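Using our numbering, you'd call the opening residue of the sequence shown number 1319 and step up by one each time.
No residue lacks a Cβ here, since even glycine has one placed at the ideal position from N, Cα and C.
None of these values were measured; they are calculated from a predicted model.
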Amino acid sequence: MHLAETRDELDLLRSGSGPFRSLLDQLGAYDPQAIPPAARPLDYLHGLAAAHRALVIHGNYLDDEEIGFLGKNSQHMAVVYCPRSHAYFRHDRYPLEKMLSAGATMALGTDGRASSPDLSLLAEMRFVAGQYTAVDRQVILRLGTIEGAKALGRDQELGTLAPGKRADLAVVSLPNRHARDPHDLLFDSALPVAATYCEGKFVAGTFQSMPVQNKPFQSDP
């Protein structure tokens, strides 16, 4: 569910007013029974918590209580933060550190081409690394890989290179220099993805020399 994406959305929930109400009135689509009086995103989070698995897309304007609720329900609820789309609309600074501190399951997304220059998760990770320098870069890498798989309930088969998992991977070009932290080579560069593989099969790119077999990843004996 797209939730707490804009302040205008909060106005509609809380008081049935604002630009969204005006738009719905113009379209003849406003239904006063559809939104409870003085509603909050928390009301919808409670409803989503009853689902087997739920994704909260954006969550740009969740308050502390709502963020805490996501942390307490992190086993089956996740937040998807779309960094460059968020910046495009000039929203308030995203509460990334607060979300992480609360223990919320988080992943990165690209949103859509209407508000993002491309659909590159690597570019999203690099953007976050540049904006949130206090967040550990290993955490940022996880937000773009294993945490996304976890949000979808597929972390046992996707998201990391590990024995028994699918060989879905991206080969990324890195600068020819030394770095104490290898994450710096990945995030402080604009070099592109050289190739992508799905289930061990080459999909696209310029790098095809990696001997990847179409079978679950196995560790060395």
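Discussion item. Considering Cα atoms alone, identify which of 1464, 1479, 1371 is closest to residue 1547.
Written reply: Residue 1547 is absent from the structure shown; the chain starts at 1319 and stops at 1539.
Worksheet item: Looking only at C-alpha atoms, which of 1403, 1337, 1331 sits nearest to residue 1351?
Response: On the sequence shown, residue 1351 is found 33 positions in, with the first residue counted as 1. Closest option to residue 1351, Cα to Cα, is 1331.
Worksheet entry | Inter-residue spacing [alpha-carbon to alpha-carbon] between residue 1487 and residue 1516 | Sequence index remark: in the sequence shown, residue 1487 carries index 169 (1-based). Sequence index remark: in the sequence shown, residue 1516 carries index 198 (1-based). For residue 1487 and residue 1516, the distance between alpha carbons rounds to 7 Å.
Worksheet item: Are residue 1489 and residue 1440 touching if we call contact CB-CB under 8 Å?
Response: Working through the sequence shown from its first residue, we reach residue 1489 at position 171. Working through the sequence shown from its first residue, we reach residue 1440 at position 122. For residue 1489 and residue 1440, no; Cβs fall outside 8 Å.
Worksheet entry | Exposed unless 16 or more other CB atoms sit within 10 angstroms - verdict on residue 1468 | Translated into the one-based positions of the sequence shown, residue 1468 becomes position 150. Result: buried.
Worksheet item: What first and last residue would you give for the alpha helix (DSSP H) that runs through residue 1364?
Response: Here the question's residue 1364 lines up with position 46 in the sequence shown. 1359-1366 is the span of the alpha helix (DSSP H), which, as asked, contains residue 1364.
Fill in: Proximal residues to residue 1514 (C-beta, below 7 Å), its chain only, five neighbours per side dropped
Numbered from 1 along the sequence shown, position 196 holds the residue referred to as residue 1514. Answer for residue 1514: 1488, 1521, 1522, 1523, listed in chain order.
Item to complete: Kindly indicate which three-state DSSP category residue 1406 falls into: helix, strand or coil?
Response: Along the sequence shown, one-based indexing puts residue 1406 at 88. It is helical.
Item to complete: Measure the C-alpha to C-alpha separation of residue 1369 and residue 1393 and round it to an integer number of angstroms.
Response: Looking up residue 1369 in the sequence shown gives position 51. Looking up residue 1393 in the sequence shown gives position 75. Their backbone Cα atoms lie some 11 Å apart in a straight line.
Item to complete: Just mark residue 1413 as buried or exposed, buried being the case when its beta carbon has 16 or more other beta carbons within 10 Å.
Response: Start at 1 with the first residue of the sequence shown, and residue 1413 comes out as number 95. It counts as buried.
Worksheet item: Of the residues 1518, 1374, 1422, which one's Cα is nearest the Cα of residue 1429?
Response: Stepping through the sequence shown from its first residue, residue 1429 is reached at position 111. Ranking the options by Cα distance to residue 1429, first place goes to 1374.
Discussion item. If I measure Cβ to Cβ from residue 1326 and keep anything under 6 Å in the same chain, skipping five residues before and after, which residues do I get?
Written reply: Along the sequence shown, one-based indexing puts residue 1326 at 8. The residues are 1336, 1337, 1338.
Worksheet item: Using the rule of at least 16 other Cβ atoms within 10 Å of the residue's Cβ for burial, across every protein chain shown, is residue 1383 buried or exposed?
Response: Counting from 1 along the sequence shown, the entry for residue 1383 is found at position 65. It is exposed - the Cβ of residue 1383 has fewer than 16 other Cβ atoms within 10 Å.
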